[in-house]
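> In the working numbering, the protein residues as written are 84 to 258.
Every residue gets a Cβ at the ideal spot worked out from N, C-alpha and C, and that includes glycine.
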């Protein structure tokens, strides 16, 4: 049983265990986790495969996937929908207590990100001051040619480093 694989940065331990189960007649591997901040680790790859299987893109008869998650960040302010990501609501989870905690924690960016990841099961970028859901990352696969941006409105910003941070510049184009 692998628990909290959202923390795994690579497949090293997973591969060691998978390769060592050959002596068993009916080996089973179980992955239990919530979404996490490790957006390039094994969990995201497994998540994408699971989503494809559940959507019918291909079959994996020897695997069982169960994914309890909110459909998008847009739903997080509606407690009636929280059961999507918390199927044990009313059993081991108390909705009124969760609502009270959420109403307090959502005003602190790092706690809000933790809620979105752990309670709503949506992948979040590790930066405390922002969050990016996996659905946003998946939508941004298109390559835009520089010529397409000519004559488009643009907002520019920059951040000059001082000691240990990075210098950065950003141009945002509404598309």
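Which two residues bound the contiguous alpha helix (DSSP H) that contains residue 194?
Position 111 of the chain shown holds residue 194. 192 to 201 is the extent of the alpha helix (DSSP H) around residue 194.
> Under 8 Å, do residue 171 and residue 202 count as touching if we go by C-beta distance?
Indexing the chain shown from 1 puts residue 171 at position 88. Indexing the chain shown from 1 puts residue 202 at position 119. No. Outside cutoff.
> Beta strand (DSSP E) containing residue 254: first to last residue?
In the chain shown, counting from the first residue as 1, residue 254 sits at position 171. From DSSP, the beta strand (DSSP E) with residue 254 extends over 251 to 255.
> Hey, would you say residue 204 sits closer than 8 Å to residue 152, going by beta carbons?
Looking up residue 204 in the chain shown gives position 121. Looking up residue 152 in the chain shown gives position 69. Yes. Within cutoff.
> Contact between the stretch 85 to 100 and the stretch 115 to 126 is defined here as three or more beta-carbon pairs at a separation below 8 Å; is this criterion met?
At 8 Å Cβ cutoff, the stretches touch.
> What does the alpha-carbon distance come out to for the pair residue 84 and residue 136?
Position 1 of the chain shown, counted from the first residue, corresponds to residue 84. Position 53 of the chain shown, counted from the first residue, corresponds to residue 136. Residue 84 and residue 136: Cα-Cα distance of roughly 21 Å.
> Considering Cα atoms alone, identify which of 165, 144, 148 and 145 is closest to residue 154.
In the chain shown, residue 154 corresponds to position 71, counting from 1. Nearest C-alpha to residue 154: 165.
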